[in-house]
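Contents: one structure, followed by commentary.
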Amino acid sequence: MNIIAYDPYPDQAYASKFNYSYLDFDQVLAQADIVTLHVPYTKDNHHLLNADKIASMKKGAFLLNTARGPLVDTIALVEALRSGHLAGAGLDVLEEENFMKNEELYWLSQGQMAEEDLKAILADHLLVDLPNVIITPHNAFNTWEALKRILDTSLENLQSFVSGTPKNIVS
Numbered sequence: 002m003n004i005i006a007y008d009p010y011p012d013q014a015y016a017s018k019f020n021y022s023y024l025d026f027d028q029v030l031a032q033a034d035i036v037t038l039h040v041p042y043t044k045d046n047h048h049l050l051n052a053d054k055i056a057s058m059k060k061g062a063f064l065l066n067t068a069r070g071p072l073v074d075t076i077a078l079v080e081a082l083r084s085g086h087l088a089g090a091g092l093d094v095l096e097e098e099n100f101m102k103n104e105e106l107y108w109l110s111q112g113q114m115a116e117e118d119l120k121a122i123l124a125d126h127l128l129v130d131l132p133n134v135i136i137t138p139h140n141a142f143n144t145w146e147a148l149k150r151i152l153d154t155s156l157e158n159l160q161s162f163v164s165g166t167p168k169n170i171v172s
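Under the numbering used here, the first residue of the sequence shown carries the number 2, and numbering increases by one thereafter.
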């Protein structure tokens with residue numbers, strides 16, 4: 002298996018240790034059979050995978066998003082999946098998942114939503130019914146290993162606080 006990655010801050014020693022190589026973002030999209038996102042969401046990377054980037058992905062590729070929903074332009078994703086450009090998607094997050102989980106938020110907003118948001122909500126609903134999409138309920142972190150790390154870290158933080166040497170101080 003050939004693993005390629007993009008990272009704005011590449012760690013060559015880590016890549017060498019785990020046998021993968023770095024390419025630029027567009028090269029990864031064009032070459033990867035599976036593209037998986039692992040980035041925080043910021044206003045600067047909204048629709049990181051927009052219509053143009055999705056169109057540049059390798060035909061027949063799969064997209065996995067366990068990061069944040071707004072990283073992917075849902076309307077463009079639906080079109081790519083329906084046309085067969087992408088073979089499938091595995092999504093643990095959706096662009097407008099807050100409204101899918103709690104649709105009364107829309108009604109409480111008294112209809113004061115941007116047209117783009119309304120289209121994304123509709124596209125999220127369309128994704129649910131596509132046969133080449135698997136959606137999980139925002140719980141990709143939920144493994145025994147991850148839960149153990151969370152518990153271990155919480156315990157370490159509590160112990161360091163009690164001993165007067167707190168970790169991870171934010172001021």
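Quick reminder that beta carbons are idealized off the backbone N, C-alpha and C, glycines included.
For clarity, every value in this text was computed on a predicted model and none was experimentally measured.
- Within the same chain, Cβ atoms closer than 8 Å to the Cβ of A31 are found at S57, M58 and K59, the five residues on either side in sequence being excluded.
- Note on G85: under 16 other CB atoms within 10 angstroms of its CB, so exposed under the neighbour-count rule.
- The criterion of a C-beta distance shorter than 7 Å is not satisfied by A90 and V29.
- The DSSP-derived three-state label of G85 is coil.
- The continuous stretches of alpha helix (DSSP H) do not include V171, and DSSP gives it neither H nor E.
- Note on geometry: alpha-carbon atoms of A33 and I5 lie some 7 Å from one another.
- Boundaries of the alpha helix (DSSP H) around F162: W145 to V163.
- Membership of F19 in any beta strand (DSSP E) is not indicated, and neither H nor E is assigned to it by DSSP.
- The Cβ neighbour count for V79, taken over all protein chains shown within 10 Å, is at least 16; the residue is labelled buried.
- Taking C-beta separations shorter than 6 Å and ignoring five residues to either side along the sequence, the partners of K168 in its chain run N158 and S161, following chain order.
- DSSP places F63 within a strand segment (E or B) once states are collapsed to three.
- Under the DSSP assignment, I136 falls in the beta strand (DSSP E) whose first and last residues are V134 to I136.
- In summary, A62 is buried, with 16 or more beta-carbon neighbours lying within 10 Å of its beta-carbon over all protein chains present.
- Taking 7 Å as the cut-off, the Cβ atoms of V36 and R69 do not count as close.
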